[in-house]
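Student: For what it's worth, this note's numbering labels the leading residue of the sequence shown as 12, then goes sequentially.
The beta-carbon is built from N, C-alpha and C at its ideal position, and this holds for glycine as well.
Fair warning: this is a prediction, and the values are worked out from it, not measured in the lab.
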Amino acid sequence: MVLGLQHLGELTELLDSMNETLRSLDGRLESFDATAGSLDEHLVGLSASMESIVGSFESVARSLEKLAATLGYLDTPLKLATTPLRPVQSVLDVVVNEVTFVRDLYQQVVEEARKTLSED
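#1: So, with DSSP's three-state summary, where would you put residue 88?
#2: Helix, strand or coil: which one does DSSP assign to residue 98?
#3: Which word fits residue 114, buried or exposed, when buried means at least 16 other C-beta atoms lie within 10 angstroms of its C-beta?
#4: Find out if the Cβ-Cβ distance for the pair residue 120, residue 68 is shorter than 8 Å.
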């Protein structure tokens, strides 16, 4: 009978230890859930920021398209008015080419950002 009580005491200690371990695990799981929830919020915020950035790039690309079109319209009249001023014409050609290059580059950035967002 004494041996049975001794085993019962050891079993009680083991059960108490196991309960303590399970409570600790439960606390860690709650902490993990909170961290995962926080991470979800950050990812949603990051996604919204990326969408905002893409929108900004699209807006810049549209503005550059308008600028390139405006410079294109100005190019012909300025060529006629500045025939004796060839350096001005060549500078305008360079400006139009550079603006077109930047516009195309922004369009590529917008496309890459869209691809990245669609992959996420």
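Tutor: In terms of the structure at hand:
#1: Looking up residue 88 in the sequence shown gives position 77. In the structure shown, residue 88 sits in a helix (DSSP, three-state: H, G or I).
#2: For the purposes of this step, residue 98 is identified with residue 87 of the sequence shown, where counting begins at 1. Correct three-state label for residue 98: helix.
#3: In the sequence shown, the residue the question calls residue 114 occupies position 103. Buried: at least 16 other Cβ atoms inside 10 Å.
#4: Translated into positions along the sequence shown, residue 120 becomes position 109. Translated into positions along the sequence shown, residue 68 becomes position 57. Their beta carbons are under 8 Å apart, which means residue 120 touches residue 68 by this criterion.
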